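Participant: Heads up: take any position in the sequence shown, counting from 1, add 268, and you land on this note's numbering.
Quick reminder that beta carbons are idealized off the backbone N, C-alpha and C, glycines included.
Model, not experiment: these values are computed from the prediction.
I'd like to ask some things about the structure below.
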Amino acid sequence: MDRKAVAYIGGFEVREKAYYELVNYAKEKGFKLEKIFLEEEAGSFDELMNYCLRKGLKVILVTDLSSLGTTLKEVVNRYEALLRRGFKVVKVKSEISDVRDEELLKVLKWVLKVEHSIIVYKTKKGLERARSLGKPIGRPRKPLPKDAILELYHKGLSVSKIATLFGVSRATLYRRLKEWRALPNIERS
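Below, the structure is given as structure tokens:
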């Protein structure tokens with residue numbers, strides 16, 4: 269009796285090559301492929317999981333773990349989601365097929381954590397360098413006509429109305445009024 273399975277072809281893979289590798293592997297190992305899912309658009313992975321849950325299928329064939337996503341984080345999250353729901357992910361071309369799934373997941377999560385730490389470090393260093401070179405960091409300030417705003421404010425127009433008139437938030441306007449020392453003892457409404 270054939271064991272039932274589905275196959276998943278990721279977005280980065282050469283479709284024809286991956287298709288033949290998965291079909292040949294399934295025949296060789298005695299799997300009956302119920303359906304082959306292609307990562308063509310958002311939602312195909314969820315469609316795969318829902319299909320398998322509806323049909324009671326537990327085996328998913330992929331050419332390699334990288335088939336599961338376009339980023340390391342996506343691969344790890346999808347792999348973990350499959351394992352948590354009791355699926356067996358068969359990696360057709362993987363050199364690490366003898367490693368237990370849970371052990372592999374731990375290693376992948378560690379690699380993801382290291383990758384995140386490296387990104388954070390590089391970002392901090394880049395910001396420090398940009399600051400030391402005097403480059404502006406963050407969103408540019410919106411230029412506001414100081415005289416016109418102060419005139420309206422001193423005439424008694426509310427901060428909310430002035431902010432709406434000039435297309436800024438109340439918080440931004442309060443900040444500018446404070447910078448311009450136009451807020452002696454103001455209470456925010």
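Quick one: any contact between the region 319-330 and the region 274-289, if contact means 3 or more CB pairs under 8 angstroms?
Facilitator: Contact holds: three or more Cβ-Cβ distances are below 8 angstroms.
Participant: Give me the Cα-Cα distance between R449 and K393, rounded to the nearest whole angstrom.
Facilitator: Taking the sequence shown and counting its residues from 1, the one referred to as residue 449 is at position 181. Taking the sequence shown and counting its residues from 1, the one referred to as residue 393 is at position 125. Their Cα atoms are separated by approximately 35 angstroms.
Participant: Closer than 6 angstroms by C-beta to S457: which residues in its own chain qualify, once you throw out the five before and the five after it? Chain order, please.
Facilitator: Locating residue 457 in the sequence shown gives position 189, where the first residue counts as 1. With a pLDDT of 49 at S457, under the threshold of 50, the predicted position of this residue should be treated as unreliable, and no value is reported.
Participant: Can you give me the start and stop residues for the alpha helix (DSSP H) that E370 sits inside?
Facilitator: Stepping through the sequence shown from its first residue, residue 370 is reached at position 102. Where E370 is concerned, the enclosing alpha helix (DSSP H) stretches over D369 to S400.
Participant: Could you tell me which residues DSSP puts in a beta bridge with I277?
Facilitator: By one-based count along the sequence shown, residue 277 stands at place 9. DSSP, once it has assigned bridges, lists L306 as partnering I277.
Participant: Quick check: what's the CA-CA separation for K377 versus V344?
Facilitator: Your numbering for residue 377 matches position 109 in the sequence shown. Your numbering for residue 344 matches position 76 in the sequence shown. Answer to the nearest angstrom: the Cα atoms are 7 angstroms apart.
Participant: In chain order, what residues of the same chain have a beta carbon less than 6 angstroms from the beta carbon of P413, not counting five sequence neighbours either side?
Facilitator: Residue numbering aside, residue 413 sits at position 145 when the sequence shown is read from its first letter. Once the five neighbours on either side are set aside, P413 has no close Cβ partner at all.
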